[in-house]
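Beneath this line is the structure, given in structure tokens, with notes to follow.
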Amino acid sequence: MNKWVDLETRHGSGAYGGWPISLVKGEGSYVWDSQGKKYLDFSTSIGAASLGHANPGLCNAIAEQSSKLLTANNGYFANDIRAQYLKSLASIAPGKINKIFLCNSGTEAVEGAIKLSRSYTGRSRIVSCIRGYHGRTLGALTATWQKDIRELFGPLIPDINHIPFGKPEILAENITEETAAVILEPIQGEAGIYPAPEGYLQAVRDICDQTGTLMILDEVQTGLGRTGKWFACDHANIIPDIITVAKALGGGIPIGAFLMKEEISFDRKKHGSTYGGSPFVCRVGLEVINQIKEKNILSNVNKMGNYFISGLNEIVLDHPNTFRETRGLGLMVAIQLRKPDGEILLKLMESGVLALKAGSRNLRFLPPFNVSKEEIDICLKALSSVL
């Protein structure tokens, strides 16, 4: 066994475990293991390394801010970098969403959004979706559908129920006068990259407006450019009440946030975080937004996403007995197998490409936003070669 894998196995909590390699270096779209083997990384730590590994601008921002000021708790002090970052993040948010709570992860953002919806409405019930994924802390886990990661930790928090995704008529039947919020993903990621059906998000928005229920969009995976727009809800031209975001937000540095309309924001001291919104992570987050703007990276996400999906569609046509279909938007892409294959990801890894699974029958690809056509071709060739 690889010595680093062995050490993590011996001393880790047991919650993690994966492939028999340890990654020790990254640059751009590539990573290297401890044996010196190079891999094309289309997993990007589940989409976190949005601008690639060892991105020069991010590295400079990290070095500059770490030698200037790492932390200034926002419960007591304002900070120049945090103020600039909040303004920048608010400027790309849809509609009248202009208030932001900064935290450290996606699941923290979901917890905060649930708390906020309950405090604002004075109601307790939350409606979530079958196959939805929202995180692993207690409230977020309750909103998550995946039973194998929920069942050991009961009883979970009360008043959260799950309904079918994409069925507005069933949602309408499940809204009561005690419903605080509906939480859903615009594209169900962990389930297998299932985009919301056309018109569904608008229907949810209408139902929430009619019932005084808040609409929470979990854009932890889709937000900050993954789908070719700043937020996936921009494709549907709808404005939720609260958006949760993380992953791509920090380019690999832990940061999360939930964004809200001004009238919904917290009263002072009703929520908090010791590390959330530190000058360090805000400086990195600011660099992520600046690079996406200045280098026209959203355009690349759209172009390369279309190219990648087209190439995967050709593989589906060439191997109809192996694959069922391709789904995705921008650079959030899956190809569905006709039957589960526990070996195909390992075979891809052995051929030098890292991807992810999503659900039991889907290969999930989350390339860096600045990926090149040549790198996508390498992935397509590798996938064809392992079949």
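Numbering (numbering that gives the first Met the number 0), first residue to last: 0 to 386.
C-beta: ideal position from N, C-alpha, C; glycine also.
The model shown is predicted, which means the values in this text are computed figures rather than measured ones.
Mark residue i as exposed unless 16 or more other C-beta atoms lie within 10 angstroms of its C-beta, in which case mark it buried.
i, result
"Gly121", "exposed"
"Ser90", "exposed"
"Ala14", "exposed"
"Asn103", "buried"
"Pro194", "buried"
"Tyr75", "exposed"
"Glu324", "exposed"
"Lys338", "exposed"
"Phe152", "exposed"
"Pro367", "buried"
"Ala77", "exposed"
"Ile99", "buried"
"Leu88", "buried"
"Asn361", "buried"
"Ile148", "exposed"
"Lys269", "exposed"
"Leu101", "buried"
Rounded to the nearest angstrom, how far is the Cβ of residue i from that of residue j, given a contact under 8 Å?
i, j, result
"His8", "Leu365", "Per the sequence shown, residue 8 should be read as Thr rather than His. Rounded, the Cβ-Cβ distance is 26 Å, inconsistent with contact."
"Ala81", "Gly249", "According to the sequence as given, residue 81 is Arg; it is not Ala. In fact, because the Cβ distance is near 14 Å, the residues do not count as touching under 8 Å."
"Lys356", "Val385", "Not confirmed; about 15 Å, so no contact."
"Gly165", "Pro196", "5 Å"
"Val332", "Gly304", "7 Å"
"Ile241", "Phe230", "Not quite, the Cβ-Cβ distance comes to about 12 Å (not below 8 Å), so this is no contact."
"Ala245", "Ala108", "6 Å"
Using CA coordinates, which residue listed in the options is at the minimum distance from residue i?
i, options, result
"Glu262", "Glu293, Cys102, Phe76, Pro239", "Pro239"
"Phe296", "Ile241, Leu330, Tyr119", "Checking the displayed sequence, the identity of residue 296 turns out to be Ile instead of Phe. The shortest C-alpha separation from Ile296 is found at Leu330."
"Gly51", "Gly358, Val300, Leu379, Pro339", "Val300"
"Ile96", "Ala190, Asn312, Cys232", "Cys232"
"Asn54", "Gln335, Ala235, Val283, Gly211", "Val283"
"Val132", "Thr106, Gly153, Leu155, Glu150", "As written in the sequence, residue 132 is Tyr, which differs from the Val given in the question. Among Thr106, Gly153, Leu155, Glu150, the Cα nearest to that of Tyr132 belongs to Thr106."
"His414", "Asp205, Ser49, Leu258, Tyr199", "Coverage of the chain is limited to positions 0 through 386, which leaves residue 414 absent and any answer about it impossible."
"Met348", "Gly11, Val30, Lys2", "Val30"
"Val370", "Leu344, Gly341, Lys294", "Lys294"
"Arg117", "Phe265, Asn59, Leu101", "Phe265"
"Ile113", "Ile334, Leu258, Arg204, Glu342", "Leu258"
"Val287", "Gln34, Ile61, Asp32, Gly134", "Ile61"
"Tyr306", "Asp205, Glu373, Leu344", "Glu373"
"Leu170", "Ile206, Phe322, Leu137", "Ile206"
"Val280", "Tyr84, Arg363, Ala92", "Tyr84"
"Asn289", "His10, Leu57, Ser21", "Leu57"
"Pro167", "Ala48, Val203, Thr136", "Val203"
"Ile291", "Ala247, Gly188, Ala190, Val23", "Ala247"
"Gln64", "Arg225, Leu285, Ile314, Ala190", "Leu285"
"Leu137", "Lys268, Leu155, Asn320", "Leu155"
"Lys2", "Ser12, Lys24, Glu26, Asp32", "Asp32"
"Pro253", "Ala180, Ile45, Val315, Gly11", "Ile45"
"Ser49", "Ser12, Leu140, Arg225", "Arg225"
"Tyr119", "Glu26, Gly11, Asp5, Lys260", "Lys260"
Taking 9 Å as the CB-CB limit, is residue i close to chain B?
i, result
"Ala256", "Going by chain labels, chain B is absent from the structure shown, which holds only one protein chain."
- Message: Give the list of continuous alpha helix (DSSP H) stretches no shorter than 4 residues that lie fully inside the region 6-76.
- Response: 43-46, 55-65
- Query: Contact between the region 343-359 and the region 34-48: three or more CB pairs below 8 Å?
  - Reply: Look at the beta carbons and you see the region 343-359 touching the region 34-48: at least three pairs across the two are nearer than 8 Å.
- Does the region 273-290 touch the region 60-73, meaning 3 or more C-beta pairs lie closer than 8 Å? Verdict: yes, contact present.
- Query: How about the region 165-183 and the region 144-154: do they share at least three Cβ pairs that are nearer than 8 Å?
  - Reply: no
- Item | Complete alpha helix (DSSP H) runs within the region 261-298 (minimum length 4 residues, chain order) | 278-293
- Are there three or more Cβ pairs, one per stretch, closer than 8 Å when the region 149-164 is compared with the region 126-137? Counting Cβ pairs under 8 Å, three or more are found: they touch.
- Quick one: any contact between the region 180-190 and the region 214-231, if contact means 3 or more CB pairs under 8 Å? yes
- Query: Quick check: the region 372-379 against the region 306-324, are there 3 or more CB pairs under 8 Å?
  - Reply: yes
- Item | Minimum length 4: unbroken alpha helix (DSSP H) runs contained in the region 106-147 | 137-142
- Task: Return the chain-ordered ranges of every beta strand (DSSP E) run that is complete within the region 296-372 and spans a minimum of 3 residues.
- Result: 322-328, 331-336, 355-357, 361-364
- Scan the region 214-262 and note each continuous beta strand (DSSP E) run of 3 residues or more that stays entirely inside, going in chain order. 241-244, 255-260
- Task: At 4 residues or longer, and completely inside the region 146-195: list those alpha helix (DSSP H) runs for me, N to C.
- Result: 167-173
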